[in-house]
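Participant:
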């Protein structure tokens, strides 16, 4: 399915959208629920990734296919490593087989796990023989994907001797690590995070019955921040369900989009975004997104739509996502008339004066490419290829855009 977006404006200056639960929180809680069945979850994400995670955790199949779901691949590798007397082959899409997992596998092997590569060394698919892991200590480079770290932390309380994880160097994606630790705290697992050492105490006897409510997804909110930033003064969109003290690193959006003239007002369970000022075309957006790399695509497209110079760094993890997001961003922005320079961890966007019309944007099996470029429909006609890819994290995205006035075919 391709989606044609015709140049339009927001029909209703005050719109309200309800966004599904955070994929990041949902997948962590689903794994914890599998380890501790006393947990109940509300406002669970309806994303493909969370559906796949649920299916895998309840499956008795010998082969588990997670398709494009990177979070599921990493979390399930750790989970199946501690399922005693089981043997599972964990596989995924052709792109998943190109996404490295050696760092996590080697860390689990330090703990005593039995994992083998079936095809290429360092990459899925994996054959995992579950067993009791008794070694409590492991070392990792601190700048690796936070999902490797979270995968270890999520199973740690079920290890006989807990876990002492030492991170060597400068830690990136700290908010995602803290999210995992905060969720562990909510089920009363004892943890500490001091200097570069994280410890998790064992809790092998189960937890008290508890219902946990997933906050809505801040990454999904980013596309509405972009829409408001590209809209007329006074445009407002209210999103629910959100809280001011969020566990999600992408909540930094509220601060970042001030740079684009968007104010955020927190209600009891919602946020209202308002276009309150016009951005000076001479200003430059300069951000380190090491702690929130998933919003880089949205920010780059917003800056382009407003004709602003933009420099984003801290993006080294984007090269191993659903696609190489830095290369994909450069390719698709340049089709629209942008000038973009990238390195292995940064993107520089020159100030632009115009946006080309009727361009077809490739999405590379990446949900964030489709959603990040969609707000440009406020500035020009464009086509989003393979638009259904949004179901990975936000299945009703196109319906929600239509509801606020986007003309979509």
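Numbering (the working numbering), first residue to last: 5 to 413.
Positions of the beta carbon are idealized from the N, C-alpha and C atoms, including for glycine.
#1: Would you list the residues sitting across from residue 367 in a DSSP beta bridge?
#2: Between which two residues does the beta strand (DSSP E) harbouring residue 227 extend?
#3: If I'm right that residue 214 touches residue 43 with Cβ under 8 Å, what's the distance once you round it to whole angstroms?
#4: At the level of alpha carbons, what is the spacing between residue 31 and residue 95?
#5: Are at least three pairs of beta-carbons, each pair with one atom in the segment 195–202 and one in the segment 215–231, less than 8 Å apart?
#6: Enumerate in chain order the residues of its own chain whose CB-to-CB distance from residue 332 is below 7 Å, with the five nearest sequence positions on each side excluded.
#7: Measuring alpha carbon to alpha carbon, tell me which residue in 188, 110, 93 and 92 is nearest residue 33.
#8: Assuming the contact rule is C-beta atoms closer than 8 Å, residue 271 and residue 281 should be a hit. Round their C-beta distance to whole Å, please.
#9: Is the segment 381–391 close to the segment 351–368, with three or more CB pairs under 8 Å?
#10: Under the rule that 16 or more other beta-carbon atoms within 10 Å means buried, what is residue 10, buried or exposed?
#11: Can you give me the start and stop residues for the alpha helix (DSSP H) that residue 270 sits inside?
#12: Can you give the beta carbon distance from residue 118 to residue 133, rounded, assuming they're within the 8 Å contact cut?
#13: Using the rule of at least 16 other Cβ atoms within 10 Å of the residue's Cβ for burial, across every protein chain shown, is residue 167 buried or exposed?
#14: Could you give the uninterrupted runs of the alpha helix (DSSP H) lying entirely in the segment 167–224, keeping only those of 4 residues or more?
#15: What do you get for residue 67, buried or exposed, if any count of 16 or more other CB atoms within 10 angstroms of its CB means buried?
#16: In the DSSP assignment, the beta strand (DSSP E) including residue 327 goes from what residue to what residue?
#17: Would you kindly work out how many angstroms separate the C-alpha atoms of residue 291 and residue 138, rounded to a whole number?
#18: In angstroms with no decimal places, state the Cα-to-Cα distance between residue 196 and residue 252.
#19: Out of curiosity, what's the CA-to-CA distance linking residue 339 and residue 235?
#20: Quick check on residue 152: does DSSP put it in helix, strand or coil?
#21: Which of the three DSSP states is assigned to residue 141 in this structure?
#22: Quick check: the Cα distance between residue 254 and residue 299, rounded to an integer number of angstroms?
#23: Where DSSP assigns a beta bridge to residue 7, which residues make up the other side?
#24: State yes or no: is the C-beta of residue 341 within less than 7 Å of the C-beta of residue 359?
#25: Using a threshold of 7 Å, state whether the C-beta atoms of residue 179 and residue 295 are closer than that.
#26: Take the Cβ of residue 35 as the centre, count every other Cβ of all protein chains shown within 10 Å, and call the residue buried at 16 or more, exposed below.
#27: Return the Cβ separation of residue 350 and residue 319 in integer angstroms, given the expectation that the two are a contact with Cβ distance under 8 Å.
#28: DSSP three-state call for residue 288: helix, strand or coil?
#29: If you check the beta carbons only, do residue 181 and residue 159 fall under 7 Å apart?
#30: Counting only runs of 3+ residues fully inside the segment 57–138, write out the beta strand (DSSP E) ranges in chain order.
#31: What is the DSSP secondary structure of residue 161, counted as helix, strand or coil?
#32: Is residue 283 helix, strand or coil when you go by DSSP?
#33: Would you mind stating whether residue 277 and residue 303 have Cβ atoms separated by less than 7 Å?
#34: Do you know whose CA, among 86, 20 and 231, lies nearest residue 109's CA?
#35: Can you tell which of 40, 244 and 14 has the C-alpha that lies nearest to the C-alpha of residue 192?
#36: Taking residue 262 as the reference, which of 224, 223, 306 and 301 has the closest Cα?
Facilitator: So, from the data block:
#1: Reading the chain shown from its first residue, position 363 is the one you call residue 367. Paired residue(s): none; residue 367 is not in a bridge.
#2: Taking the first residue of the chain shown as 1, we reach residue 227 at position 223. For residue 227, there is no enclosing beta strand (DSSP E); the enclosing alpha helix (DSSP H) covers residues 222–233.
#3: By 1-based counting over the chain shown, the position of residue 214 is 210. By 1-based counting over the chain shown, the position of residue 43 is 39. Confirmed, Cβ separation roughly 6 Å.
#4: One-based indexing of the chain shown puts residue 31 at position 27. One-based indexing of the chain shown puts residue 95 at position 91. Whole-angstrom Cα-Cα distance: 18 Å.
#5: Contact between the segment 195–202 and the segment 215–231 is absent: fewer than 3 CB-CB pairs across the two stretches fall below 8 Å.
#6: For the purposes of this step, residue 332 is taken as the residue at position 328 of the chain shown. The residues are 368, 370 and 373.
#7: Here residue 33 corresponds to residue number 29 of the chain shown, with the count starting at 1. When 188, 110, 93 and 92 are compared, the shortest CA-CA separation from residue 33 is found for 188.
#8: Taking the first residue of the chain shown as position 1, residue 271 is located at position 267. Taking the first residue of the chain shown as position 1, residue 281 is located at position 277. With 8 Å as the limit, residue 271 and residue 281 do not qualify as a contact, their Cβ atoms being about 21 Å apart.
#9: By the Cβ test, the segment 381–391 is in contact with the segment 351–368, since at least three Cβ pairs between them sit closer than 8 Å.
#10: Translated into the one-based positions of the chain shown, residue 10 becomes position 6. The residue is exposed, with fewer than 16 neighbouring Cβ atoms inside 10 Å.
#11: Along the chain shown, read from residue 1 onward, the residue named residue 270 stands at position 266. Premise fails: residue 270 lies in the beta strand (DSSP E), 266–270, not in any alpha helix (DSSP H).
#12: On the chain shown, residue 118 is found 114 positions in, with the first residue counted as 1. On the chain shown, residue 133 is found 129 positions in, with the first residue counted as 1. Indeed they touch by this definition, with Cβ atoms about 4 Å apart.
#13: Residue 167 sits at position 163 when you count from the first residue of the chain shown. Burial check for residue 167: the Cβ neighbour count within 10 Å reaches 16 or more, so the residue is buried.
#14: If we require 4 residues or more, the alpha helix (DSSP H) runs fully inside the segment 167–224 come out as 178–190.
#15: Taking the chain shown and counting its residues from 1, the one referred to as residue 67 is at position 63. By the beta-carbon neighbour count (other beta carbons within 10 angstroms, threshold 16), residue 67 is exposed.
#16: On the chain shown, position 323 is the one that residue 327 refers to. In the DSSP assignment, residue 327 falls outside any beta strand (DSSP E) and carries neither an H nor an E.
#17: Here residue 291 refers to the residue found at position 287 when the chain shown is read from its first residue. Here residue 138 refers to the residue found at position 134 when the chain shown is read from its first residue. Whole-angstrom Cα-Cα distance: 42 Å.
#18: Taking the chain shown and counting its residues from 1, one reaches residue 196 at position 192. Taking the chain shown and counting its residues from 1, one reaches residue 252 at position 248. The alpha-carbon atoms of residue 196 and residue 252 are separated by roughly 19 Å.
#19: For this step, residue 339 is matched to residue 335 along the chain shown. For this step, residue 235 is matched to residue 231 along the chain shown. Spanning the alpha carbons of residue 339 and residue 235 requires a straight line of approximately 22 Å.
#20: Against the chain shown, residue 152 aligns to sequence position 148. In the structure shown, residue 152 adopts helical secondary structure according to DSSP, grouped into three states.
#21: Your numbering for residue 141 matches position 137 in the chain shown. For residue 141, the three-state secondary structure derived from DSSP is strand.
#22: Taking the chain shown and counting its residues from 1, one reaches residue 254 at position 250. Taking the chain shown and counting its residues from 1, one reaches residue 299 at position 295. Taking the straight line joining both Cα atoms gives about 7 Å.
#23: On the chain shown, position 3 is the one that residue 7 refers to. In DSSP, residue 7 forms a bridge with 388.
#24: Position 337 of the chain shown, counted from the first residue, corresponds to residue 341. Position 355 of the chain shown, counted from the first residue, corresponds to residue 359. Residue 359 sits close to residue 341, with the two beta carbons spaced by under 7 Å.
#25: For the purposes of this step, residue 179 is taken as residue 175 along the chain shown, with counting starting at 1. For the purposes of this step, residue 295 is taken as residue 291 along the chain shown, with counting starting at 1. Yes, they are a contact pair.
#26: Locating residue 35 in the chain shown gives position 31, where the first residue counts as 1. Buried, because 16 or more other Cβ atoms sit within 10 Å of the Cβ of residue 35.
#27: Here the question's residue 350 lines up with position 346 in the chain shown. Here the question's residue 319 lines up with position 315 in the chain shown. About 6 Å; that satisfies the 8 Å criterion.
#28: Start at 1 with the first residue of the chain shown, and residue 288 comes out as number 284. Residue state, collapsed to three classes: strand.
#29: Here residue 181 refers to the residue found at position 177 when the chain shown is read from its first residue. Here residue 159 refers to the residue found at position 155 when the chain shown is read from its first residue. Against a cut-off of 7 Å, the Cβ pair of residue 159 and residue 181 comes out as no contact.
#30: Fully contained in the segment 57–138 are the following beta strand (DSSP E) runs of length 3 or more, in chain order: 67–69, 91–95, 118–121 and 130–133.
#31: Walking along the chain shown from the start, residue 161 turns up at place 157. Three-state result, residue 161: coil.
#32: Walking along the chain shown from the start, residue 283 turns up at place 279. Reduced to three states, the DSSP call for residue 283 is coil.
#33: Locating residue 277 in the chain shown gives position 273, counting from the first residue. Locating residue 303 in the chain shown gives position 299, counting from the first residue. No, the Cβ-Cβ distance between residue 277 and residue 303 is not below 7 Å.
#34: Stepping through the chain shown from its first residue, residue 109 is reached at position 105. For the residues 86, 20 and 231, the minimum Cα distance to residue 109 belongs to 86.
#35: Position 188 of the chain shown holds residue 192. Considering only alpha carbons, the answer is 40.
#36: Indexing the chain shown from 1 puts residue 262 at position 258. For residue 262, the nearest C-alpha among the options comes from 306.
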